[in-house]
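*Asks:* What follows is a single structure, and I will ask about it in a moment.
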Amino acid sequence: TQLLEQSPQFLSIQEGENLTVYCNSSSVFSSLQWYRQEPGEGPVLLVTVVTGGEVKKLKRLTFQFGDARKDSSLHITAAQPGDTGLYLCAGDTGVDSNYQLIWGAGTKLIIKP
Amino acid sequence: DTAVSQTPKYLVTQMGNDKSIKCEQNLGHDTMYWYKQDSKKFLKIMFSYNNKELIINETVPNRFSPKSPDKAHLNLHINSLELGDSAVYFCASSQDPWTGKETQYFGPGTRLLVL
Numbered sequence: 002t003q004l005l006e007q008s009p010q011f012l013s014i015q016e017g018e019n020l021t022v023y024c025n026s027s028s029v030f031s032s033l034q035w036y037r038q039e040p041g042e043g044p045v046l047l048v049t050v051v052t053g054g055e056v057k058k059l060k061r062l063t064f065q066f067g068d069a070r071k072d073s074s075l076h077i078t079a080a081q082p083g084d085t086g087l088y089l090c091a092g093d094t095g096v097d098s099n100y101q102l103i104w105g106a107g108t109k110l111i112i113k114p
Numbered sequence: 013d014t015a016v017s018q019t020p021k022y023l024v025t026q027m028g029n030d031k032s033i034k035c036e037q038n039l040g041h042d043t044m045y046w047y048k049q050d051s052k053k054f055l056k057i058m059f060s061y062n063n064k065e066l067i068i069n070e071t072v073p074n075r076f077s078p079k080s081p082d083k084a085h086l087n088l089h090i091n092s093l094e095l096g097d098s099a100v101y102f103c104a105s106s107q108d109p110w111t112g113k114e115t116q117y118f119g120p121g122t123r124l125l126v127l
């Protein structure tokens, strides 16, 4: 069974602090996506990483795909209350005949003003 | 303009009832999905349809039956509802399931509570 483990499960920090959340697997993914889900809403895609070692930046958010394409991290600089939400990673198995995204359970992030 | 819409947003019902959730996407996508998100926030795929054809059918009780009247709609009918069916059900769509780089667009979710 392919699993994506996210850590930490829960993180509560003060505004202005930096943080990193992780998404790890023993499986290799052809790509990996990060989503943010706010209460009462569906997940919204933040970024897709494809190449091993790839780094993508989205304002204060930095996403990295591991060299072996088994793990990824999300780093937020100077966190703001608007960053609060559930951050989900999802890996693409790359199986042609039965496409599936494998989902992590998420990191619930709370940024306190 | 809502890209992926679901109705109802909330559904509270008694055990044993039959209910349906509707999903529509106006993105012109060929593929639609149903996911179940449990209380621990795991998103688990249930079904996927591509051009009205079932392509993914995970281990889901046969009380759950998806129906795709056209590629813009994917409805989910649930028979004989059980307490364990309580969850948030998300519909999603993407252009093509087979490129592996797809962005899935999610609906707002349907919060189902079975009493």
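As they're listed, the protein sequences go chains A and B.
Our numbering numbers the first residue of the first sequence as 2 and each following residue consecutively.
Our numbering numbers the first residue of the second sequence as 13 and each following residue consecutively.
Positions of the beta carbon are idealized from the N, C-alpha and C atoms, including for glycine.
Predicted model only: the values in this text are computed from it and were never measured.
1) How should Phe11 of chain A be labelled, buried or exposed, when 16 other C-beta atoms within 10 angstroms of its C-beta is the threshold for buried?
2) Identify the contact partners of Ala79 of chain A in chain B, using a Cβ-Cβ distance below 7 Å as the criterion.
3) Using the beta-carbon count (16 or more within 10 Å), is Gln15 of chain A buried or exposed?
4) Is it the case that the stretch 18-37 of chain A contacts the stretch 70-89 of chain A, given that we only count it when at least three CB pairs across the two stretches are under 8 Å?
5) DSSP three-state call for Asp93 of chain A: helix, strand or coil?
6) What is the rounded straight-line gap between the Cα of Leu39 of chain B and the Cα of Lys57 of chain A?
7) Nearest-angstrom Cα distance between Ser98 of chain A and Pro114 of chain A?
8) Using CA coordinates, which residue listed in A:Asp93, A:Thr94, A:Leu87 and A:Ile112 is at the minimum distance from Ala119 of chain A?
9) Less than 7 Å between the CB of Ser73 of chain A and some heavy atom of the ligand GDP, yes or no?
10) Check each candidate in B:Gln107, B:Ser92, B:Phe118 and B:Asp108 and name the one with the smallest Cα separation from Tyr101 of chain B.
11) Name the chain B residues whose beta carbon is nearer than 7 Å to that of Ser44 of chain A?
12) Is the Cβ-Cβ distance between Trp35 of chain A and Phe64 of chain A less than 8 Å?
13) So if DSSP puts His89 of chain B in a beta bridge, which residue, or which two residues, is it bridged to?
14) With H, G and I counted as helix, E and B as strand and the rest as coil, what does DSSP make of Leu66 of chain B?
15) Take Thr14 of chain B as the anchor and find which of B:Gln37, B:Ser32, B:Gly28 and B:Val24 has the nearest alpha-carbon.
16) Which residue comes first and which comes last in the beta strand (DSSP E) that contains Thr25 of chain B?
17) Does Gln26 of chain B pass the burial test, meaning 16 or more other C-beta atoms within 10 Å, or should it be called exposed?
18) Trp104 of chain A touches chain B at which residues, Cβ-Cβ below 7 Å?
19) Compare the C-beta of Thr14 of chain B against all C-beta atoms of chain A and say whether one is closer than 8 Å.
20) Please confirm whether Gly96 of chain B has its beta-carbon closer than 8 Å to some beta-carbon of chain A.
*Replies:* According to the structure shown:
1) Exposed, because fewer than 16 other Cβ atoms sit within 10 Å of the Cβ of Phe11 of chain A.
2) Within 7 Å Cβ-Cβ: nothing; Ala79 of chain A doesn't reach chain B, min ~26 Å.
3) By the neighbour-count rule (16 or more Cβ atoms within 10 Å), Gln15 of chain A is not buried but exposed.
4) They touch, by the three-pair rule.
5) Here Asp93 of chain A sits in strand by DSSP.
6) In this model, Leu39 of chain B and Lys57 of chain A are separated by some 26 Å (Cα to Cα).
7) With a pLDDT of only 38 at Ser98 of chain A, under the threshold of 50, the placement of this residue in the model should not be trusted; the figure read from the coordinates follows. Distance between Ser98 of chain A and Pro114 of chain A, taken at the CA atoms: about 47 Å.
8) No answer is possible for residue 119 of chain A: it lies beyond the span of chain A, which begins at 2 and ends at 114.
9) By its list of ligands, the structure shown contains no ligand whatsoever, and the ligand GDP lies outside what it can speak to.
10) Looking at B:Gln107, B:Ser92, B:Phe118 and B:Asp108, the one whose alpha-carbon comes closest to that of Tyr101 of chain B is B:Phe118.
11) Note on residue identity: the sequence assigns Pro, not Ser, to residue 44 of chain A. Here the neighbours are Phe118.
12) The beta carbons of Trp35 of chain A and Phe64 of chain A sit closer together than 8 Å.
13) DSSP, once it has assigned bridges, lists B:Ser32 and B:Ser77 as partnering His89 of chain B.
14) Residue state, collapsed to three classes: strand.
15) Closest in alpha carbon position to Thr14 of chain B, among B:Gln37, B:Ser32, B:Gly28 and B:Val24, is B:Gln37.
16) Counting along the chain, the beta strand (DSSP E) containing Thr25 of chain B begins and ends at Tyr22 to Thr25.
17) Gln26 of chain B is classed as exposed because its beta carbon has fewer than 16 other beta carbons within 10 Å across all chains shown.
18) Residues of chain B with a Cβ closer than 7 Å to the Cβ of Trp104 of chain A are, in chain order, Phe54 and Leu55.
19) Not one chain A Cβ lies under 8 Å of Thr14 of chain B.
20) With 8 Å as the cut-off, Gly96 of chain B does not count as an interface residue toward chain A.
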